[in-house]
Amino acid sequence: MKVLINKPGCVGHARCSNVAPALYPLDDNGYIASSGFNVPAGQENLALRGARACPERVIQIRDTSTEPR
Amino acid sequence: MNHPDEASTPVPAHIPMHLVRDFDLWAELTAQGENAYAWAAALHQTTPPIFWIPRLGFLPGTWVPRRAEDLRRILQDPQTFSSVGLTPYAMLLGESWRLAPLEIDPPEHGKYRALLNPLFTPKKVEALEQDIRLLANQLIDEVITQGRCDFNEAFAKPFPTLIFLTLMGWPLEDRPLFQHWTQTLIKSFDLQTVTDNARAITSWIRNHIAERRANPGDDFTSYLLNSEIDGRPLTDDEMLGINFLIFIAGLDTVTSCLGLFFRHLARNPEQQAQLRANPELIGDAVEELLRSYSIVNMRRTVTCDVQFGDVMMKKGDMVLISTELANLDPEVFDAPAKVDFQRSAGASPHMAFSYGVHRCVGSHLARRELRIAMELWLQRLPAFRIADNSTPRFNAFGVFGMEDLHLQWDLPAATAETSNKQAASA
């Protein structure tokens, strides 16, 4: 599973980081510090919840078809 | 209604009559009182997705999009829907400073926003946790043995004001002054009162800027004095605009949320019990209450003729951004009028802090203040209710909120005795 983040679309709600701080680190402005990553095994659900928490919908999940929803 | 300036503006020719709803949204919400949010939720069944109202308080007619999805598209498109020049304060004073970054569009917006972002990150707010808890506990100490309090005066107003003054590095003894200004500036409908208070606030801020220019400290104003935009220091007007914005954005909003949240808890003892038994739910409860009782209405100006959904909007039209309608949209939330702390609101986005580049910069601080207030009140007090012989009033002019909110709770026998003795010996 892969997370893709449209970083310029981030406006700093930080809800992803609130759900999963280790997966979604913030920069010194409180905006997302990552533009994407491969989700470590076992953390798929957490990554998914973090993505869904984004009010701007700038976080996309790839390869979800193989994951339980 | 009791509104002095109630007068509809003529419906512009390009607006089809079938899209006109002849009511003032704020006046109707206020008239609905404690039923306001259920009434707002029902609008989703009775109005077109985007309708026109000919008046809104003292403001002229405006489009009202009610669907969360439409409001999202508007807020994420500042080129078409501009934030420039929508509050009257500088104009009332015959001045020309701007509320930055709130009333500045991208790309210029980003330069001002960059100054504020580092001050209000989740990390910075985390570092304030103990200070915020201390202030909340001190305010609760003052009322806990009384069995009853005027919630706004005892807590909802002083709590965010004290945090704000602490954060700004401004004198705490000026708290009554700031509370007075907050109420008169945002809640008054008398233009002279608003003007007089805007003048008093801007004078206070200008004096403080001059003082800090002479004697730099580690406060917010000193930080701005040391900041640059495009490689130059900020002008006094820019300094004023930013300070004024922080003032109007940070004080009344948290007060209003606290009033609505605590009214809800006072009316719903079973949900108080739920949170007392499961304090780990309080974070989700804050999100659900932010969703259920959204308090901010903003506006945007249409910058070019645009077909939006079924509606033709013309350049210059106003568009209302009603956070409460977005957050009560049944397309997004099942049974939206129901307050359900287990809706897992913590991970389902709502619009209480807006969307797009103008997202509330204080959102993390506001969430923290609200969570701590609920934690400590629920932890330290027994079940509280609306006080006997009192009637809370909902007010939807300007920022929505509660007035005359008096809370009451039963004192443990021993505490009652102590406080009686204190009263007797006083």
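Those sequence lines, one after another, are chains S and Y. Using this note's numbering, the letters of the first sequence correspond one by one to residues 12 to 80. Using this note's numbering, the letters of the second sequence correspond one by one to residues -10 to 415. A virtual CB, placed ideally from N, CA and C, is assigned to each residue, including glycine.
(message) Just to confirm, is the Cβ distance from residue 137 (chain Y) to residue 151 (chain Y) under 8 Å?
(response) no
(request) Put residue 53 (chain Y) into one of helix, strand or coil per three-state DSSP. (result) strand
(request) For residue 59 (chain S), I'd like the list of residues in its chain whose CB is within less than 7 Å of its CB, leaving aside the five on either flank, ordered along the chain. (result) 72
(message) I need the boundaries of the alpha helix (DSSP H) containing residue 185 (chain Y), first residue and last residue.
(response) 180 to 203
(request) Taking only beta carbons into account, state which residues of the region 30 to 62 of chain Y come closer than 7 Å to chain S, listed in chain order. (result) none
(message) Is the separation between the beta-carbon of residue 287 (chain Y) and that of residue 271 (chain Y) shorter than 8 Å?
(response) no
(message) When you compare the region 206 to 223 of chain Y with the region 324 to 344 of chain Y, are there three or more beta-carbon pairs, one atom per stretch, that lie closer than 8 Å?
(response) no
(request) Identify each residue in the region 17 to 28 of chain S for which the Cβ-Cβ distance to at least one residue of chain Y is less than 9 Å, and report them in chain order. (result) 20, 22, 23, 24, 25, 26, 28
(request) With 8 Å as the limit, tell me which residues of the region 31 to 53 of chain S have their beta carbon closer than that to any beta carbon of chain Y; keep them in chain order. (result) 37, 39, 40, 41, 42
(message) Which residues in chain Y have a C-beta closer than 8 Å to the C-beta of residue 58 (chain S)? List them in chain order.
(response) Simply none; closest approach about 12 Å.
(request) Name the residue from Y:170, Y:192, Y:193 whose alpha carbon lies nearest to the alpha carbon of residue 183 (chain Y). (result) Y:170
(request) Give the straight-line distance between the Cα atoms of residue 16 (chain S) and residue 45 (chain S), rounded to the nearest whole angstrom. (result) 7 Å
(message) Within 8 Å, do at least three Cβ pairs link the region 314 to 323 of chain Y to the region 279 to 286 of chain Y?
(response) yes
(message) Pop quiz: residue 391 (chain Y) and residue 52 (chain Y) are said to be a contact at Cβ under 8 Å. What is the actual Cβ separation, rounded to whole angstroms?
(response) About 28 Å; that fails the 8 Å criterion.
(message) Please return the same chain residues whose Cβ sits closer than 6 Å to the Cβ of residue 293 (chain Y), not counting the five positions on each side in sequence.
(response) 304
(message) So residue 67 (chain S) contacts chain Y; which residues on that side make the cut at Cβ distance below 9 Å?
(response) 61, 65, 338, 344, 345, 348
(message) Taking its Cβ as the centre, do 16 or more other Cβ atoms sit within 10 Å of residue 32 (chain S), making it buried, or is it exposed?
(response) exposed
(request) For residue 160 (chain Y), count neighbouring Cβ atoms within 10 angstroms of its own Cβ and tell me buried if that reaches 16, exposed if not. (result) exposed
(request) Mind the definition here: the region 60 to 73 of chain Y touches the region 28 to 43 of chain Y only if three or more C-beta pairs lie below 8 Å; say whether that holds. (result) no
(message) In this structure, how does DSSP classify residue 352 (chain Y) when only helix, strand and coil are distinguished?
(response) helix
(message) Check whether chain B comes within 8 Å of residue 110 (chain Y), counting only Cβ atoms and requiring the distance to be less than that.
(response) Of the chains in the structure shown, none is chain B; the protein chains are S and Y.
(request) Could you tell me which residues DSSP puts in a beta bridge with residue 398 (chain Y)? (result) Y:373
(request) Give me the Cβ distance between residue 90 (chain Y) and residue 102 (chain Y), rounded to the nearest whole Å; I'm assuming they're in contact under 8 Å. (result) 4 Å
(request) Look up residue 138 (chain Y) in the DSSP assignment and say whether it is helix, strand or coil. (result) strand
(message) Please list the terminal residues of the continuous alpha helix (DSSP H) segment that includes residue 43 (chain Y).
(response) No alpha helix (DSSP H) contains residue 43 (chain Y), which is instead part of the beta strand (DSSP E) from 39 to 45.
(request) Report all residues from its chain with a CB closer than 8 Å to the CB of residue 57 (chain S); omit the five preceding and five following residues, and keep chain order. (result) 30, 31, 34
(request) Measuring only between beta-carbons, confirm whether residue 192 (chain Y) sits less than 8 Å from chain S. (result) no
(request) Could you tell me whether the Cβ atoms of residue 125 (chain Y) and residue 361 (chain Y) are closer together than 8 Å? (result) yes
(message) Only counting the same chain, and skipping five residues up and downstream in sequence, which positions put a Cβ closer than 6 Å to that of residue 243 (chain Y)?
(response) 149, 355, 358
(message) Along the region 352 to 367 of chain Y, where does the CB come closer than 8 Å to a CB of chain S? Name the residues.
(response) 352, 353
(request) Sort Y:296, Y:-1, Y:229, Y:141 by Cα distance to residue 78 (chain Y) and report the nearest one. (result) Y:229
(message) With a threshold of 8 Å between beta carbons, is residue 106 (chain Y) in contact with chain S?
(response) yes
(message) Report the CB separation of residue 262 (chain Y) from residue 363 (chain Y) in whole angstroms; it is logged as a contact under 8 Å.
(response) Contact doesn't hold; Cβ gap of about 14 Å is too wide.
(message) Within 8 Å, do at least three Cβ pairs link the region 393 to 400 of chain Y to the region 243 to 262 of chain Y?
(response) yes
(request) Work out the CA separation of residue 41 (chain S) and residue 61 (chain S) for me, nearest whole Å. (result) 15 Å
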